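For reference, each letter of the sequence shown is one residue, going 1 to 353 in the UniProt record's numbering.
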Amino acid sequence: MNPGGEGAPNRPHNPPDQERRANDPPNPAEARADQPAPARDVPPPNPNAPDAAEPLQPPLNPPRPPPAFANGHHRHGDNQGMPQDQPHAPPRRVPNAQHPRHQTMGDFDSSDAFFMDRNPIRPPLPPRNDFEIKPQIIALVKQNQFHGLPTEHPLDHVDTFEEICSTTRVNGVSPDYFKCKLFTFSLSDKALRWVKSLPPQSITTWNEYKGAFLNQFYTKQRSNSIRSKISGFKQDSMESFYEALERFKEYTRSCPNHGFSEGNLWNIFYNGIDHKYKLSLDTASNGNFMTKSVPEAKLLIENLAASDANACPDYNRSVKTTSSSESAQISELRNMVHNYLKADKEFTPLKMP
């Protein structure tokens, strides 16, 4: 039975929520969502933009079609699974491909082709990146340069250099790295050319650098010459006991690899001094200097040298020159003698009857 009465049209029965939504006013957001979005003007992609995507390149090795016979037909089964209506495109070349350049005859004689980092000194880098050697230290090192001359002493040069380096400490930088970088500034002329002739990156520590330097400039010939001076030591006739001892010490210091023990060195010195100084040492040793131990003998020699240095004045051994007044007197005496000899020749003695 129709609840609306006779003659009323049949209406579908809506649930309460659907009736409520039908009676509510339309939602503007839903209305906008139902409408299609207006078309916007999109600019074409810029290939030069930094964030532009690179265009896809075709594969370098595309699949090739199967070989065809003379009649133009493929072998049976070779073209299975391949679309027959799509022809195979030839492979495209990738743009900006780098091709090897052929070497010319001039390339084999080009200096830049053989240039490399030729620095032989390569110590491990320190953890600090802000480290720099002060110009004052470099200037101080350059004031005591070693040139590689035969008259220079390489041991003294190394001692002076290490003394300068001991005055500076840098946090985070090892003394080994500091000395390796600074020692090259102390070399010049022949010594600097020697460093540049070493193989690249062949020295990494200060001990290696110092050892190579001493082996190059402190030769075996120099060592043998100083050994001969030590073994054949003799006190000079115009040399005091103090001066003789200082010269002997200089020999031993200049050749640390002389090979003599301390007892042998004092025996050599005792046998080479003047006889009167031997008597003084024997007297201080109760008649025989050889009965003393090495420390006692060294102490007696040092005491005698100090006494001799205080007692003997430092006299001038230079050649004495004559003054102008003395030269005039000498010339006058020469003239007098010349006139006397001339008058003696002119005098004729009388003969006695």
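All residues carry an ideal CB built from backbone N, CA and C; glycine is no exception.
Since we're looking at a predicted model, the values are computed, not measured.
**OP:** Return the CA-CA distance between Ser-285 and Pro-154, expressed in angstroms with no decimal places.
**Re:** About 39 Å.
**OP:** Identify whether Phe-146 lies in helix, strand or coil by the three-state DSSP scheme.
**Re:** Strand, per DSSP.
Original post:
From Ser-166 to Lys-134, what does the alpha carbon distance come to, in whole angstroms?
Top reply: So the two alpha carbons sit approximately 14 Å from each other.
Original post:
Are Gly-204 and Pro-123 close, meaning C-beta to C-beta below 7 Å?
Top reply: A quick correction: the sequence has Thr, not Gly, at residue 204. Yes, Cβ-Cβ distance for Thr-204 and Pro-123 is below 7 Å.
Subject >> Any chain C beta carbon closer than 7 Å to Val-294 >> reply: Protein chains in the displayed structure number just one, and chain C is not present.
**OP:** Report yes or no: do three or more beta-carbon pairs, one from the segment 254–262 and one from the segment 216–236, lie closer than 8 Å?
**Re:** Yes: the two stretches touch, three or more of their Cβ pairs being nearer than 8 Å.
Original post:
How about the segment 177–185 and the segment 126–142: do they share at least three Cβ pairs that are nearer than 8 Å?
Top reply: Because the criterion of three Cβ pairs below 8 Å is met, the segment 177–185 and the segment 126–142 touch.
Subject >> DSSP-derived helix/strand/coil call for Leu-125 >> reply: Reduced to three states, the DSSP call for Leu-125 is coil.
Original post:
What does DSSP give as the partner residues of Ile-203 in its beta bridges?
Top reply: For Ile-203, the beta-bridge partners assigned by DSSP are Ile-121.
**OP:** To the nearest angstrom, report how far apart Ser-318 and Glu-296 are at their CA atoms.
**Re:** Residue placement at Ser-318 cannot be trusted, given a pLDDT of 48 that sits under 50; what the coordinates show is reported in the next sentence. Taking the straight line from one Cα to the other gives about 37 Å.
Original post:
Residues bridged to Leu-187 by DSSP?
Top reply: In the DSSP secondary-structure assignment, Leu-187 is bridged to Phe-146.
Original post:
Mapping DSSP to helix, strand and coil, what is Asp-180?
Top reply: Per the sequence shown, residue 180 should be read as Cys rather than Asp. In the structure shown, Cys-180 falls within a helical segment according to DSSP collapsed to helix, strand and coil.
Original post:
Can you list, in chain order, the residues of its chain whose CB lies under 8 Å from that of Phe-146, leaving out five sequence neighbours each side?
Top reply: Only Glu-152, Pro-154, His-157, Ser-186, Leu-187, Ser-188, Ala-191 and Phe-217 meet the Cβ criterion.
Subject >> Residue span of the alpha helix (DSSP H) that contains Phe-289, given as start and end >> reply: Careful: Phe-289 lies outside any alpha helix (DSSP H) and carries neither H nor E.
**OP:** Indicate the three-state DSSP secondary structure (helix, strand or coil) for Asp-236 in the structure shown.
**Re:** Asp-236: coil per DSSP, three-state reduction.
**OP:** State the start and end residues of the unbroken alpha helix (DSSP H) segment that holds Asp-156.
**Re:** Taken as a continuous stretch (DSSP letters only), the alpha helix (DSSP H) holding Asp-156 covers 154–165.
Subject >> Inter-stretch contact at 8 Å, needing at least 3 Cβ pairs: the segment 304–312 / the segment 239–250 >> reply: Yes, the segment 304–312 touches the segment 239–250.
**OP:** Could you tell me which of Asn-215, Gln-103, Asp-130 and Tyr-270 sits nearest to Val-170, measuring between CA atoms?
**Re:** Taking the Cα of Val-170 as reference, the smallest distance to any Cα among Asn-215, Gln-103, Asp-130 and Tyr-270 is reached at Asp-130.
Subject >> N-terminal and C-terminal residue of the alpha helix (DSSP H) that Glu-132 is part of >> reply: In the DSSP assignment, Glu-132 falls outside any alpha helix (DSSP H), carrying neither H nor E.
**OP:** Specify the secondary structure class of Ile-273 as computed by DSSP and reduced to three states.
**Re:** Here Ile-273 sits in coil by DSSP.
Subject >> Run of the alpha helix (DSSP H) containing residue 369, from where it starts to where it stops >> reply: The structure shown does not extend to residue 369, since the chain spans only 1 to 353, so no value can be given for it.
Original post:
Thr-172 by DSSP, collapsed to three states: which one?
Top reply: Residue identity check: residue 172 is Gly in the sequence provided, not Thr. Under the three-state reduction of DSSP, Gly-172 is assigned to coil, being neither helix nor strand.
Subject >> Coil, strand or helix - Leu-198 by DSSP >> reply: Note: Leu-198 maps to coil in three-state DSSP.
**OP:** Give the straight-line distance between the Cα atoms of Val-294 and Pro-127, rounded to the nearest whole angstrom.
**Re:** Roughly 50 Å between the two C-alpha positions.
Original post:
So what's Gly-259 in DSSP terms, helix, strand or just coil?
Top reply: It is coil, neither helix nor strand.
**OP:** Reducing DSSP to helix, strand and coil, say where Gln-103 ends up.
**Re:** Gln-103 carries a coil assignment under DSSP once its states are collapsed to helix, strand and coil.
**OP:** Using 10 angstroms around the beta-carbon of Leu-265, count the other beta-carbons present and answer buried if the total reaches 16, otherwise exposed.
**Re:** Taking a 10 Å sphere around the C-beta of Leu-265, we find 16 or more other C-beta atoms and assign the residue as buried.
Original post:
Between the Cα of Lys-210 and the Cα atoms of Asn-303, Ile-230, Lys-181 and Ser-228, which residue gives the shortest distance?
Top reply: Its Cα nearest to that of Lys-210, the residue Lys-181 stands out among Asn-303, Ile-230, Lys-181 and Ser-228.
Original post:
Is DSSP giving Tyr-218 helix, strand or coil here?
Top reply: If DSSP states are grouped into helix, strand and coil, Tyr-218 belongs with coil.
Original post:
Quick one: Cα of Thr-168 to Cα of Ser-228, how far?
Top reply: Straight-line measurement puts the Cα of Ser-228 at about 39 Å from the Cα of Thr-168.
Original post:
With 16 as the cutoff for other CB atoms within 10 Å, does Gln-235 come out buried or exposed?
Top reply: So Gln-235 counts as buried.
**OP:** Take Phe-233 and list the residues in its own chain whose beta-carbon comes closer than 6 Å to its own, dropping the five residues that flank it on each side.
**Re:** Counting only Cβ-Cβ distances below 6 Å, and skipping sequence neighbours, we find Phe-248, Ile-268 and Gly-272.
**OP:** Rank Glu-208, Pro-175 and Gly-259 by C-alpha distance to the C-alpha of Ser-231 and give the top, closest one.
**Re:** Of the candidates Glu-208, Pro-175 and Gly-259, the one whose C-alpha sits nearest the C-alpha of Ser-231 is Gly-259.
Original post:
Looking only at C-alpha atoms, which of Ser-280, Asn-288 and Met-290 sits nearest to Asn-303?
Top reply: Residue Ser-280 is the option with its Cα nearest to Asn-303.
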